[in-house]
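Some notes on the structure that comes next.
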Amino acid sequence: MEKVLLDYDWTVMAPEIIIAAAAALLSLADLFLRENTDRRFFSWFSLAAVIAAIFFTVSRFGQQPYEILGDTYRVDDFALAFKTAVLSGVGLVFLLSAWGVRQEEIRFRGEYDYLLLAAALGAMIMTSSADLITLFVGLELLSISSYILAGIHRERYASNEAAWKYVVQGGVASAFILYGMSFVYGLTGSTNLYTIQQRLVEAYQTGYDAFVLLSLFLMLLGFGFKIASAPFHMWVPDVYQGAPTPVTSFLAVVSKTAAFALVLRIVLVGYIFLYQMQIWQQVVEPVLLVLAGLSMVIGNTAALHQTDTKRLLAYSSVAHAGYLLVPLSTLGAVLFESTFYYLIAYLVMTMGAFTVAALLEREAGHGNISGFAGLSRRSPGTAAAMTVFLLSLAGIPVTAGFFGKFYILMNALSTQHFWIAGIMVGTTVISYYYYFGIIRQMYFRPPASKDRMRVPMVPALLLVIGILGTVGLGVVPEWAVHWIGDLQWMSALTPLNAGPPGP
Amino acid sequence: MEMLPSWITWAPLLGVLVLLWIPRERTAAIRWVGVLATLPSLVLSLLLYVSFDTGKDGVQFAHSLHWFYLPVLGEKWDFQYSMGVDGLSMPLVAITGVIVTLAALASLYIRQRQKGYFLLFLLLEVGMMGVFLARNLFLFFLFFEITLVAAFFLIGIWGYVNREKTAIQFLLYNGLGSACMLLAFMGLLILFRSLELSRLHEVMHHSGALAQLSQSGGDTLLWGIFIALVIAFGIKLPIFPFHTWMLRVHAEAPPAVVMIHSGVLLKMGAYGLIRFGVELFPVQTQAAAGVLAWLGLVNILYGAVLAFSQRDLKRVLAYSSVSHMGIILLGIASLNVYGLQGAVFQSVSHGFISALLFYFIAALYERTGTTQIDQLGGLAKQMPVLSGIFLAGGMALLGLPGMSGFVSEFLAFLGLFETRPWVAATGTLGLILAAVYTLRAVMQTTFGPLHAGRERVKDSRWTEAVPMLVLLFFIVLIGVYPDVIGKPMQLTLQTIISRMGG
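Protein chains in written order, with this note's numbering: chain W, 1 to 503; chain R, 504 to 1005.
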């Protein structure tokens, strides 16, 4: 039965439509407003749009999976969960931007907000599509917006450098992904992931096994870049350091989450048959585990001698990408659950840490770790909050970061991958050194000036959210774990049975 | 009443809440609140001790609450908040209560940032009490990590010159230990789907279940877990090659924190070895007993020899701690009731003794500004009471009969002579050396000519003398009436040994 456009239930796209409309509206408003009008309310407006989008996303939980136009747009629990995470991250970034991005510093204050919305839209498409074309479009929408955002601080040299490096290396990565996708299309004649799922098996069994693996590894090369895993991490420190801090937090939190959604979806839907054929265990898993191990080792050791806060957090982000790759490579019983839990944990603690970094950057005028010196004296609350975030990043109980690591480790150990668990735990101990390096600055060193540091309302709110999330997820993991555990993750892996559109 | 272990553990938080409301300039109030806040736990733990039924085997005051489920493949793995006390943890809880309160009094020497100090100090107490009272491995690990973080701050902010380096070394070394522990616990979780101690006991002492496990190749896994646990608690105790961090902590941390560190934190290593090694892995412990005995021997002799050649009083005591922890290892390695009793006795007794000696060090440093032996001397004339207390503490340390050190060393060696007479015989050399280094340290600080510039040193105030005398009282009490702690642990240890089939 042919379906016409109007047969589809377009209301499922409400979140995307809201974000797109908000972006369009802001870009128009930006045109009509006078140049020196304060555009800070743009961020608040965007935040409202994001909250509305979250509302529509969350209200769809528990319903049957639904797709539009041959899976180019697909809502299932997988998509909804990741979309909620992405949107929450974007919301927090807007909150940070409302305070932290000033028109007198960034002339394109209007562009900033609607580019961020566009990037968010790209991320949302990446979470809820099962077609290579749309997935790639989402990825590029996210990437290109991010390139510009990284360089939006046009007067600053570091920001330009960041954008430049990001564009070049990001472009190469996208090219690899596209190249891999072209092989997939060549082998299967389709861009629909579920059709690919069926036909790749045939291709594999009829003598094209090398090409199937080639397509996977070409894409993984590009994915490695997008999730910031080693050895494709060269851009991470420079871009994180050079980009304005709210943008950095966006790259760390939202881009990573969306990229993981994309990777999980493509790799698991398209190539899961390799697991049944034992090829996964022999070829793919070792490669992924080596990537994971390398990320942990390189991220955590390179972070040891960083003196710039954002650069340090950049390497920490590489290390976290390594931890996050473990469930995917070992394919344990709680693969989705542990990955997703860790991503939420990472979201709250990293947003918190970047908020403090932004506060201190403004206060001290530089991003060096020495800016933290004596913070416990100047603002005990901020110092305590940062301590919580750092403990969580270091994986010390009773925080979200600890439980997330526990969950991932459980996955790795129950599938008998002892050595990667060993590396994970070992590098975690190494990471204590640099996370506690910041704590040492805050508590053991005398402050540069004696006056108390004032924390404005908005960042304070962000810190409170961060602490509630970090400690809450750690002390009562049951709420999150249950919610995550009840989701129908597997529905992401199976095509919808052709039937009439939902009620 | 059933909830007593939880009350003991969380009571210090009351003090934390009060402290948070006191402005940091009001140092006097902060100090007194800080000291008083340790009292509820102390009183409750003594109450626990009094109402502990020594005639009953197993866990008492057990209570557990549902904490969270982890859904795994359709199953629900249950994580409980379980607390309880048995004969092994009872003595350790009691000394923790006592030492923490006395260390809080010793913390009155702390001159700066008192608010933060007492906040962390109370948090440390929560962690320590929790470690001894938790009956769930996940919970145990959480408390263990709390002590780690709290102690890191206490060492790093309020220590001596090299405090930062020491704190970070402490953190990394112990972090490594915790990492091993975490891996081991997770291994247990995956094998048995539970981290409840009671549940693990059931499985580990059920020969059928174990046989099934070894058929499916779980034997190597069990050995891996056991070794990881020995390393984890071996770092904490510390066992010989892992001891460097602990020497630094002894030398660099503020004395009040060392009282706790040496008195309680190190004992967490001993507790862990017995609780998770001997009790949970009887088969593996039996097989590894020889290695443990040799490691213990190395600890005793190495510590004793090096203690003899130290110039800093703090370092003498640090190395003597290494030596005395060796005795704990020997007791464990003997695998009989005497030996285990000796090990626990040694934990308790050394806790009191080192707390006392470091209290003395705190008082001494307060007056002279140094702990270098060659810059001290003749102090007995200026401060007879303090010197007398130091002498008494030294006597306890070298194992004078009638004091707690003698009882514990006697039991540990008695146990080991039964199983490994040669190792035990060599180990006794350590006792002789202990007498030598202790007497040397005591003589050179308190007797001889007075060091120039020390003519105005004053003797102890009552706030110092009373806590020290309390510690001395406990040391003598255990020495003359060992049953005070021997009785509660008797049955528990017998059960542990009988399960071993020995």
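We put the CB at the ideal spot given by N, CA and C, even for glycine.
As the structure is a computational prediction, the values presented were derived from the model and not from experiment.
Just to confirm before moving on: does the CB-CB distance between residue i and residue j stay below 8 Å?
i, j, result
"Val-388 (chain W)", "Thr-257 (chain W)", "no"
"Ser-431 (chain W)", "Asn-300 (chain W)", "yes"
"Ser-317 (chain W)", "Leu-142 (chain W)", "no"
"Leu-288 (chain W)", "Ser-329 (chain W)", "yes"
"Ile-369 (chain W)", "Ile-467 (chain W)", "no"
"Leu-453 (chain R)", "Val-519 (chain R)", "No information on residue 453 (chain R) is available, as it lies outside the stretch 504 to 1005 that chain R covers here."
"Val-538 (chain R)", "Leu-608 (chain R)", "yes"
"Leu-33 (chain W)", "Arg-40 (chain W)", "no"
"Ala-568 (chain W)", "Ala-150 (chain W)", "Past the boundaries of the shown model lies residue 568 (chain W); chain W is included only from 1 to 503, so the question cannot be answered."
"Ala-57 (chain W)", "Leu-25 (chain W)", "Looking at the sequence provided, one finds Thr at residue 57 (chain W) rather than Ala. No, they are not a contact pair."
"Leu-640 (chain R)", "Phe-688 (chain R)", "yes"
"Gly-880 (chain R)", "Gly-951 (chain R)", "yes"
"Val-556 (chain R)", "Thr-998 (chain R)", "Here the sequence assigns Asp to residue 556 (chain R), which means Val is not the residue at that position. No; because the gap between Cβ atoms is not below 8 Å, this pair is not in contact."
"Gly-829 (chain R)", "Met-906 (chain R)", "no"
"Met-442 (chain W)", "Leu-375 (chain W)", "yes"
"Leu-894 (chain R)", "Val-819 (chain R)", "no"
"Gln-169 (chain W)", "Trp-235 (chain W)", "yes"
"Leu-343 (chain W)", "Ala-85 (chain W)", "yes"
"Val-590 (chain R)", "Met-992 (chain R)", "A small fix is needed here, since residue 590 (chain R) is Gly in this sequence, not Val. Taking 8 Å as the Cβ cut-off, Gly-590 (chain R) and Met-992 (chain R) qualify as a contacting pair."
"Glu-912 (chain R)", "Leu-932 (chain R)", "no"
"Thr-941 (chain R)", "Gly-872 (chain R)", "no"
"Leu-462 (chain W)", "Thr-355 (chain W)", "yes"
"Ser-229 (chain W)", "Leu-325 (chain W)", "yes"
"Tyr-194 (chain W)", "Val-269 (chain W)", "yes"
"Phe-94 (chain W)", "Leu-116 (chain W)", "yes"
"Ala-358 (chain W)", "Leu-96 (chain W)", "yes"
"Leu-691 (chain R)", "Ile-728 (chain R)", "yes"
"Arg-527 (chain R)", "Lys-668 (chain R)", "no"
"Pro-397 (chain W)", "Glu-958 (chain R)", "no"
"Gly-680 (chain R)", "Ala-637 (chain R)", "no"
Quick one: what's residue i bridged to in DSSP?
i, result
"Val-546 (chain R)", "BP columns for Val-546 (chain R) are empty, so no partner."
"Ser-585 (chain R)", "R:Ser-567"
"Tyr-315 (chain W)", "Answer by DSSP bridge pairing: none, since Tyr-315 (chain W) is not bridged."
"Arg-74 (chain W)", "W:Glu-67"
"Gln-875 (chain R)", "R:Asp-815"
"Gly-574 (chain R)", "The sequence given here has Pro at residue 574 (chain R), not Gly. Partner(s): R:Lys-579."
"Ala-1013 (chain R)", "Here chain R comprises residues numbered 504 to 1005, so residue 1013 (chain R) is not present and cannot be evaluated."
"Glu-699 (chain R)", "R:Asn-639"
"Asp-308 (chain W)", "W:Asn-368"
"Asp-113 (chain W)", "In the DSSP output, where bridge partners are listed per residue, Asp-113 (chain W) has none listed."
"Asp-131 (chain W)", "W:Asn-192"
Within the present structure, is the beta-carbon of residue i separated from the nearest heavy atom of the ligand GTP by less than 7 Å?
i, result
"Gly-322 (chain W)", "Inclusion of the ligand GTP in the displayed structure is not the case, the ligand content being empty and no account of it being possible."
### 4 or more residues per run - each alpha helix (DSSP H) lying fully within the segment 327 to 388 of chain W
335 to 364, 375 to 378
### Query
For the segment 395 to 417 of chain W, which residues have a beta carbon sitting closer than 7 Å to at least one beta carbon of chain R?
Ile-396, Pro-397, Val-398, Leu-409, Met-410, Leu-413, Ser-414
### Query
Below 8 Å, can you find three or more Cβ-Cβ pairs linking the segment 843 to 851 of chain R to the segment 736 to 743 of chain R?
no
### Message
Using 8 Å as the cut-off, can you tell me whether the segment 709 to 722 of chain R makes contact with the segment 817 to 825 of chain R, which would need three or more C-beta pairs spanning the two stretches below that distance?
### Response
no
### Task
Pull out every residue of the segment 470 to 482 of chain W whose Cβ sits closer than 8 Å to any Cβ of chain R, in chain order.
Val-476, Pro-477, Glu-478, Val-481, His-482
### Task
May I ask you to verify whether the segment 159 to 169 of chain W touches the segment 240 to 249 of chain W, counting CB pairs closer than 8 Å and requiring at least 3?
yes
### Query
What are the residues of the segment 672 to 684 of chain R that lie near chain W, defined by any Cβ-Cβ distance shorter than 7 Å?
Leu-674, Leu-675, Gly-678, Leu-679, Ala-682
### Message
Under 8 Å, CB to CB, which of the residues in the segment 328 to 355 of chain W have a partner in chain R?
### Response
Ala-333, Val-334, Glu-337
#### Entry: Whole alpha helix (DSSP H) elements within the segment 188 to 269 of chain W, 4-residue minimum
Unbroken alpha helix (DSSP H) runs of no fewer than 4 residues, entirely contained in the segment 188 to 269 of chain W, are found at 193 to 203, 209 to 226, 235 to 242, 245 to 250, following chain order.
### Message
In chain order, what are the residue ranges of uninterrupted alpha helix (DSSP H) at least 4 long that sit wholly in the segment 388 to 439 of chain W?
### Response
400 to 414
### Query
Is the segment 885 to 901 of chain R close to the segment 795 to 802 of chain R, with three or more CB pairs under 8 Å?
No: fewer than three Cβ pairs fall under 8 Å.
### Query
Hey, is the segment 583 to 599 of chain R in contact with the segment 766 to 779 of chain R, meaning 3+ C-beta pairs nearer than 8 Å?
yes
### Query
Is it a yes or a no for the segment 274 to 290 of chain W touching the segment 211 to 223 of chain W, going by three-plus beta-carbon pairs under 8 Å?
By the criterion of at least three beta-carbon pairs nearer than 8 Å, the segment 274 to 290 of chain W is in contact with the segment 211 to 223 of chain W.
### Query
Does the count of Cβ pairs from the segment 474 to 482 of chain W and the segment 568 to 575 of chain R closer than 8 Å reach three?
yes
### Message
Give me the subset of the segment 284 to 316 of chain W whose CB atoms are less than 8 Å from a CB atom of chain R, sorted by chain position.
### Response
none
### Query
Which ranges does the alpha helix (DSSP H) cover as unbroken runs of at least 4 residues, wholly within the segment 603 to 665 of chain R, from first to last along the chain?
617 to 636, 640 to 661
### Message
Would the segment 578 to 588 of chain R count as touching the segment 686 to 702 of chain R if we require 3 or more Cβ pairs under 8 Å?
### Response
Taking a cut-off of 8 Å on C-beta distances, the segment 578 to 588 of chain R touches the segment 686 to 702 of chain R, as three or more cross pairs fall below it.
#### Entry: Three-pair Cβ contact test at 8 Å for the segment 745 to 761 of chain R versus the segment 777 to 791 of chain R
no
### Message
Taking beta-carbon pairs under 7 Å, can you tell me which members of the segment 439 to 452 of chain W lie near chain R?
### Response
Arg-440, Tyr-443, Phe-444
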